[in-house]
Amino acid sequence: MIILGLILLIVGLVASIPILTTIGVILIVVGVVLALLGRAGNAIGGRKHWY
């Protein structure tokens, strides 16, 4: 999710499409939050580990 967010962010900035930039930033933030929660050992969505 983080990688997809980075790709959308870069494409949005290069092509000057603000909606892609916004979606990219949102995906990066959500991906980082899920990664941090997963590393902390909290169960997310009924799963202990996210791969």
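In terms of this note's numbering, the sequence shown opens at residue 107 and continues consecutively. Ideal placement from N, C-alpha and C gives every residue a C-beta, glycine not left out.
Compute the distance between the beta-carbons of residue i and residue j, then report whether it is under 9 Å.
| i | j | result |
| --- | --- | --- |
| residue 134 | residue 115 | yes |
| residue 126 | residue 117 | yes |
| residue 136 | residue 107 | yes |
In whole angstroms, what separates the C-alpha of residue i from that of residue j?
| i | j | result |
| --- | --- | --- |
| residue 112 | residue 143 | 20 Å |
Does residue i pass the burial test, meaning 16 or more other C-beta atoms within 10 Å, or should it be called exposed?
| i | result |
| --- | --- |
| residue 147 | exposed |
Just verifying my parser: in three-state terms, what is the DSSP assignment at residue i?
| i | result |
| --- | --- |
| residue 111 | helix |
| residue 134 | helix |
| residue 146 | coil |
| residue 125 | helix |
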